[in-house]
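Visitor: Taking full-length UniProt numbering, the leading residue of the sequence shown gets 1, the next gets one more, and so forth. Where a beta carbon is used, it is the ideal one built from N, C-alpha and C, also for glycine.
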Amino acid sequence: MRLDHYLFLNGWKDKKERKRLIQTRKIIIDGEVEYNLSRNVDPQMHEIIVNQQQLTTFGHHYFMMNKPSGVLSANKDEHLPTYRDLVEEKNDALYPVGRLDFLTTGLLFITDNGPLGIDMLKPQQHVSKTYFVETWEPLEVSDRVAFEAGLEFIGGVRTQPAQLEILDVHHAKVTIQEGKYHQVKKMFLALGKKVEQLQRLSFGPLVLDEDLQPGAYRPLTQQEILSLKPYMRK
Numbered sequence: 001m002r003l004d005h006y007l008f009l010n011g012w013k014d015k016k017e018r019k020r021l022i023q024t025r026k027i028i029i030d031g032e033v034e035y036n037l038s039r040n041v042d043p044q045m046h047e048i049i050v051n052q053q054q055l056t057t058f059g060h061h062y063f064m065m066n067k068p069s070g071v072l073s074a075n076k077d078e079h080l081p082t083y084r085d086l087v088e089e090k091n092d093a094l095y096p097v098g099r100l101d102f103l104t105t106g107l108l109f110i111t112d113n114g115p116l117g118i119d120m121l122k123p124q125q126h127v128s129k130t131y132f133v134e135t136w137e138p139l140e141v142s143d144r145v146a147f148e149a150g151l152e153f154i155g156g157v158r159t160q161p162a163q164l165e166i167l168d169v170h171h172a173k174v175t176i177q178e179g180k181y182h183q184v185k186k187m188f189l190a191l192g193k194k195v196e197q198l199q200r201l202s203f204g205p206l207v208l209d210e211d212l213q214p215g216a217y218r219p220l221t222q223q224e225i226l227s228l229k230p231y232m233r234k
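#1: Give every residue of the same chain whose Cβ lies closer than 8 Å to the Cβ of Asp-30, excluding the five residues on either side of it in the sequence, and list them in chain order.
#2: Quick check for students: name the residue ranges of the alpha helix (DSSP H) that lie wholly in the segment 171–227, counting only runs of 4 or more.
#3: Should Ala-149 go down as buried or exposed, given a rule of 16 or more other Cβ atoms within 10 Å for buried?
#4: According to DSSP, is Glu-78 helix, strand or coil?
#5: Would you mind stating whether Thr-105 and Val-195 have Cβ atoms separated by less than 8 Å?
#6: Mind listing, in chain order, the continuous alpha helix (DSSP H) runs of no fewer than 4 residues lying wholly within the segment 78–122?
#7: Could you spell out where the alpha helix (DSSP H) holding Tyr-6 opens and where it closes?
#8: Per the contact definition of three or more C-beta pairs closer than 8 Å, is the segment 121–132 in contact with the segment 212–229?
#9: Can you give me the start and stop residues for the alpha helix (DSSP H) that Glu-17 sits inside?
#10: Can you tell me the Cβ-Cβ gap for Lys-76 and Arg-84, rounded? I've got them flagged as a contact below 8 Å.
#11: Alpha carbons only, please: which of Ser-128, Leu-37, Gln-177 and Ile-154 is nearest the one belonging to Tyr-6?
#12: Can you find at least 3 beta carbon pairs, one from the segment 127–144 and one from the segment 162–178, that sit closer than 8 Å?
#13: Only counting the same chain, and skipping five residues up and downstream in sequence, which positions put a Cβ closer than 8 Å to that of Glu-224?
#14: If Leu-164 sits next to Val-174, beta carbons under 8 Å apart, how far is it from one beta carbon to the other, in whole angstroms?
#15: Buried or exposed, going by whether 16 or more other CB atoms sit within 10 Å of the CB of Pro-230?
#16: Relative to the alpha-carbon of Gln-160, which residue among Glu-32, Leu-9 and Val-127 has its alpha-carbon at the smallest distance?
#17: Can you tell me whether DSSP reads Lys-229 as helix, strand or coil?
#18: Counting C-beta neighbours from all protein chains within 10 Å, is the total for Leu-107 16 or more, i.e. buried, or is it exposed?
#19: Going by DSSP, what residue range makes up the beta strand (DSSP E) through Phe-63?
#20: Along the chain, where does the beta strand (DSSP E) that runs through Glu-148 open and close?
#21: Please report the straight-line C-alpha distance between Leu-198 and Asp-92, rounded to a whole angstrom.
#22: Measuring CB to CB, does Arg-39 end up less than 8 Å from Lys-234?
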């Protein structure tokens with residue numbers, strides 16, 4: 001959340017008082033004097049000291065889910081089940097960062113840290129996403145070469161270079177750093193191959209927990225939360 005709002009939650013209700021903390025160099029974040037009330041902070045990622053006292057309350061919430069097939073990555077829908085139907089937390093601010101298609105399974109990152117989610121999805125962040133793919137048609141070495149060069153869809157849309165690791169004739173791992181609509185499926189279609197199964201294995205530094213059954217979720221560990229710190233807006 002914004003430092004300004006975080007200070008408000010911790011008792012500094014007067015905006016002038018919060019500005020005075022900045023002007024008098026009373027806010028120390030990770031050992032450095034902070035001058036920007038707009039920066040994104042979380043006491044789970046940052047050491048926040050105000051008036052020589054460390055603040056540890058009002059942290060954000062972070063979860064990973066093993067999204068099952070047949071579930072929307074949306075907070076609500078009038079006709080179809082959504083991931084929120086599987087989440088017990090009554091927190092309206094939670095939302096998925098980097099949606100998965102209705103039939104796609106795997107890692108879904110869920111948080112109430114809006115600025116972090118927005119920043120992670122910016123193209124300039126180059127957040128890697130890795131998928132396990134099963135195809136109907138057999139895979140060939142030339143497919144890997146095509147992925148590394150970038151592929152062009154109908155309409156002239158071209159992808160950035162991607163990594164294709166062929167596991168066997170019908171299975172592969174794909175790593176991309178973009179988020180175009182149905183991108184992985186369209187990349188294979190550009191090579192005349194249909195994707196039968198698609199599962200996200202990782203999103204940025206987060207890796208799908210192999211112990212999570214489809215539909216299950218858990219809070220991120222402290223180590224996983226800290227791995228997201230480079231994406232926090234300053």
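Guide: A quick look at the data gives this:
#1: His-46 and Glu-47
#2: Listed in chain order, the complete alpha helix (DSSP H) runs (minimum 4 residues) inside the segment 171–227 are 183–189 and 222–227.
#3: exposed
#4: coil
#5: Using a Cβ distance threshold of 8 Å, Thr-105 and Val-195 do not count as a contacting pair.
#6: 114–120
#7: 3–9
#8: no
#9: 15–23
#10: 7 Å
#11: Leu-37
#12: Touching, yes.
#13: Result list for Glu-224: Tyr-62, Met-64, Pro-205 and Leu-206, in chain order.
#14: Taking 8 Å as the upper bound for CB-CB distance, Leu-164 and Val-174 are in contact here, some 6 Å apart.
#15: exposed
#16: Val-127
#17: helix
#18: buried
#19: 62–67
#20: Per DSSP, Glu-148 belongs to no beta strand (DSSP E); it is in the alpha helix (DSSP H), 141–149.
#21: About 29 Å.
#22: yes
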